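Chains as they are written, first to last, in the numbering used here: chain A, 1 to 115; chain B, 116 to 273. C-beta atoms are modelled at their ideal positions from N, C-alpha and C, and glycine is treated no differently. Predicted, not measured: the structure shown is a model, and the values here were computed from it. Data block below; observations after.
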Amino acid sequence: MPLAPLSRIAMARSGDKGEGSNVGVMARSEVAYRFLKRELTGERVRQHMRAINRGPVKRYEAENMRLLNFLLHDSLGGGGSASLKTDAQGKTHGLALLRLVLEVPQEVLDATPAP
Amino acid sequence: MRGVKGAAPTPTFKVSISYEDGWKALGQLTISGPDALAKAKLCAEIVWKRLEMDGCKFSESERLVEFVGANVCHAGIESAERHDPSEIVMRLGVKGHDKAKIERFGYELVPLVTSGPPGVTGFAGGRPHATEIIGFWPALVAKPRIAHKVTVVTAGGS
């Protein structure tokens, strides 16, 4: 099965929610959304982001927007004004997740326009 | 107007609470190559060791070291994109004699974070404000042109 980064079939945007970050992943096609609902579990995201996030990951779904939303509960070194990190707002966490390389079925790639 | 629906008010308010939570300080240095990263790591180590020698030990959670440009934002994230710099530090500045114009500049960074391209960050400390430039002009001036006055202030006195 072809390997592709998540960015090939999805977009993402992220930001801070207290001491954690909120990563929204929007599939670039309906087919890609069905594939990601199955493959991009909270556990998969937790594994990929474990160097950034020390806490659990909770996944939410928004079908009408082809969206998966992940809450990374401890990813900001205290968060907000208490954080010393360059990325105190988790603004780069969406792009970090888009670097995840997945085995994507060819039919999903064919049905999803490249960015 | 018809068909309008509503709900009873909730029993709670959303409150944005601010509270005293200690102090922080951050500094930035630029370290050039050759061996820039190795030197930067050594510099950080020197700072922590000197502080410790002076009785100021900071725990892992109380201190931060980042080597911006050597993969700070996505450290530990497996990636195939090794050819591209991990991040870039952008420094922007302005100066001039119109304070309002200099202040105006400070409003232009946050919008890049909230509604610019994804992945723009590093802006937790508030917007830049105009700070006064104290100019320096070493000059020789004829003594008669200088009206001098000495004021002595003593501790506890007036």
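Contacting residues, own chain, Cβ-Cβ under 7 Å from residue i (five flanking each side not counted)
| i | result |
| --- | --- |
| C238 of chain B | Before going on, a small fix: residue 238 of chain B reads as Phe here, not Cys. L224, V225 and V228. |
| E39 of chain A | L102 |
| Q89 of chain A | G15 and D16 |
Limits of the alpha helix (DSSP H) - the one that residue i falls within
| i | result |
| --- | --- |
| E167 of chain B | A151 to M168 |
| S230 of chain B | V225 to S230 |
| A96 of chain A | H93 to L98 |
| E43 of chain A | G42 to H48 |
| L71 of chain A | It is not in any alpha helix (DSSP H) - L71 of chain A instead sits in the beta strand (DSSP E) that spans L67 to L72. |
| V265 of chain B | Unbroken run through V265 of chain B: none, as it is neither H nor E. |
Whole-angstrom distance between residue j and residue i, CA atom to CA atom
| i | j | result |
| --- | --- | --- |
| K85 of chain A | M65 of chain A | 31 Å |
| R13 of chain A | V45 of chain A | 14 Å |
| L98 of chain A | Y222 of chain B | 30 Å |
| D150 of chain B | I248 of chain B | 35 Å |
| T266 of chain B | F251 of chain B | 23 Å |
| I261 of chain B | L255 of chain B | 11 Å |
| W163 of chain B | L179 of chain B | 10 Å |
| G78 of chain A | D136 of chain B | 11 Å |
Terminal residues of the beta strand (DSSP E) in which residue i lies
| i | result |
| --- | --- |
| V108 of chain A | No beta strand (DSSP E) holds V108 of chain A; the alpha helix (DSSP H) holding it covers Q106 to D110. |
| A10 of chain A | A10 to K17 |
| E175 of chain B | No beta strand (DSSP E) contains E175 of chain B, which DSSP labels as neither H nor E. |
| R59 of chain A | V57 to A62 |
| V23 of chain A | G20 to A27 |
| A4 of chain A | L3 to P5 |
| L102 of chain A | V101 to E103 |
Nearest-angstrom beta carbon gap, residue j and residue i [assumed within contact, 8 Å]
| i | j | result |
| --- | --- | --- |
| T92 of chain A | H189 of chain B | 7 Å |
| R54 of chain A | T41 of chain A | That pair is no contact at about 19 Å. |
| L3 of chain A | E107 of chain A | In fact, because the Cβ distance is near 15 Å, the residues do not count as touching under 8 Å. |
Sequence-distant residues of its chain with Cβ nearer than 6 Å to residue i (five each side left out)
| i | result |
| --- | --- |
| I9 of chain A | R28, A32 and T112 |
| P56 of chain A | H73 |
| F70 of chain A | V23, V45, V57 and R59 |
| S194 of chain B | none |
Cβ-based neighbour list, residue i, same chain, cut-off 8 Å, excluding 5 preceding and 5 following
| i | result |
| --- | --- |
| K37 of chain A | E61 and L68 |
Handout entry: Given 8 Å, three or more beta-carbon pairs between the stretch 70 to 90 of chain A and the stretch 9 to 27 of chain A
Key = In short, these stretches touch, since the Cβ pair count reaches three.
Practice task
Would you be able to state if there are at least three C-beta pairs under 8 Å between the stretch 211 to 222 of chain B and the stretch 118 to 126 of chain B?
Solution key: At 8 Å Cβ cutoff, the stretches do not touch.
Exercise for the section: Flag this pair as touching only if the stretch 201 to 208 of chain B and the stretch 179 to 186 of chain B have three or more C-beta atom pairs under 8 Å; answer yes or no. Expected result: Contact between the stretch 201 to 208 of chain B and the stretch 179 to 186 of chain B is present, because at least three Cβ pairs lie under 8 Å.
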